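A.B. asks: Please read through the structure below; I'll follow up with questions.
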Amino acid sequence: EAEVAQSPRYKITEKSQAVAFWCDPISGHATLYWYRQILGQGPELLVQFQDESVVDDSQLPKDRFSAERLKGVDSTLKIQPAELGDSAMYLCASSVTSGRTQANSYEQYFGPGTRLTVT
Amino acid sequence: AQSVTQLDSQVPVFEEAPVELRCNYSSSVSVYLFWYVQYPNQGLQLLLKYLSGSTLVKGINGFEAEFNKSQTSFHLRKPSVHISDTAEYFCAVSDRTGANNLFFGTGTRLTVIP
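Going down the list, the protein sequences come from chains F and C. Going by the working numbering, the letters in the first sequence line up with residues 1 to 119, in that order. Going by the working numbering, the letters in the second sequence line up with residues 1001 to 1114, in that order.
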């Protein structure tokens, strides 16, 4: 069964350092999402891509966070500089597509996540 | 905008007993509803979803949920839980406009006691 891949699974970094996370969605999935999940809370959307274009990055702290999906396949989320409050699980998800054309487009498949600890 | 309230942050239940995890949502538009399960240090796995049609939805691992539009609820149930059901459960809502963004509740920790 196809899965969303993420790396690394765990990352420890010092504050003010740069950190990057990688996500490879399920093959053929046009839509890719990055979520942040703070301990004890539900995931919150940071950015959504449709192919290589950003659809929604309204909750992305753009002064320190950036995301790209250059070829519309895999994606990288970067934080520079990292702050203590960035410690969280970063989840990547993908779906066939967004929009109302297909019922199964509303199912998002999640990767295992990257657990970030900022010290 | 949508929001989701999961009324119970923790639910302990004995093995083979029934369980209900409560979820209420708020939205000014029609929505799709989802339940996800998360095991420790793992991603989220879809349990079930309500898109349209029958308000009683059956999912994986013996779980089911009922959509109640008048009460804006989507409670998750299982008639007999197993130790392996111990996990965090998240209710989520997505609007029907096509944006596909999921809004999650804060989660319910289900602990099955032997």
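Every residue, glycine too, gets a C-beta built ideally from N, C-alpha and C. Keep in mind the model is a prediction, meaning the values are calculated, not measured.
Which residue from R1096(C), T1106(C) and A1001(C) puts its Cα closest to that of L1051(C)?
C.D. replies: R1096(C)
A.B. asks: Roughly how many whole angstroms lie between the Cα atoms of S1073(C) and S16(F)?
C.D. replies: 43 Å
A.B. asks: Can you list the residues of chain C that G85(F) reaches, using a CB-CB cut of under 7 Å?
C.D. replies: Here the premise fails: no neighbours, minimum Cβ distance about 18 Å.
A.B. asks: Just tell me which of L116(F), E3(F), S66(F) and E68(F) has its CA closest to the CA of L84(F).
C.D. replies: L116(F)
A.B. asks: So what's D51(F) in DSSP terms, helix, strand or just coil?
C.D. replies: coil
A.B. asks: Alpha carbon to alpha carbon, what distance is there between L1048(C) and A1065(C)?
C.D. replies: 8 Å
A.B. asks: For S95(F), does the three-state DSSP call read helix, strand or coil?
C.D. replies: strand
A.B. asks: What residues from chain F crowd round L1046(C), counting only those whose CB sits closer than 7 Å?
C.D. replies: E107
A.B. asks: Can you tell me which residues form a DSSP beta bridge with C1091(C)?
C.D. replies: W1035(C)
A.B. asks: Compare the C-beta of N1101(C) against all C-beta atoms of chain F and say whether one is closer than 7 Å.
C.D. replies: yes
A.B. asks: Determine the burial state of R69(F): buried for a count of at least 16 other Cβ atoms within 10 Å of its Cβ, exposed for fewer.
C.D. replies: buried
A.B. asks: Pull out every residue of the region 54–73 of chain F whose Cβ sits closer than 8 Å to any Cβ of chain C, in chain order.
C.D. replies: V55 and D56
A.B. asks: Would you give the residue range spanned by the beta strand (DSSP E) that Q1116(C) belongs to?
C.D. replies: Lying outside 1001 to 1114, the shown extent of chain C, residue 1116(C) is not represented and no answer is given.
A.B. asks: Here's a check: name, in chain order, each residue in its chain whose Cβ is nearer than 8 Å to the Cβ of D57(F), leaving out the five neighbours to either side.
C.D. replies: L46, V47, Q48 and A67
A.B. asks: Residues in the same chain with beta-carbon distance under 7 Å from G113(F), minus the five sequence neighbours each way, listed in chain order, please.
C.D. replies: Correct list, in chain order: Q6, M89, Y90 and L91.
A.B. asks: According to DSSP, is N1068(C) helix, strand or coil?
C.D. replies: strand
A.B. asks: Mind checking if G42(F) is an interface residue toward chain A, Cβ cutoff 7 Å exclusive?
C.D. replies: No chain A is present in this structure, whose protein chains are F and C.
A.B. asks: If V1093(C) sits next to Q1002(C), beta carbons under 8 Å apart, how far is it from one beta carbon to the other, in whole angstroms?
C.D. replies: 5 Å
A.B. asks: Just grab the DSSP bridge partners of E83(F) for me.
C.D. replies: Beta-bridge pairing links E83(F) to no other residue.
A.B. asks: At the 7 Å Cβ level, is G28(F) part of the contact set with chain C, yes or no?
C.D. replies: no
A.B. asks: Pick helix, strand or coil for S27(F), following the three-state DSSP scheme.
C.D. replies: coil
A.B. asks: In this structure, how does DSSP classify S1027(C) when only helix, strand and coil are distinguished?
C.D. replies: Reduced to three states, the DSSP call for S1027(C) is coil.
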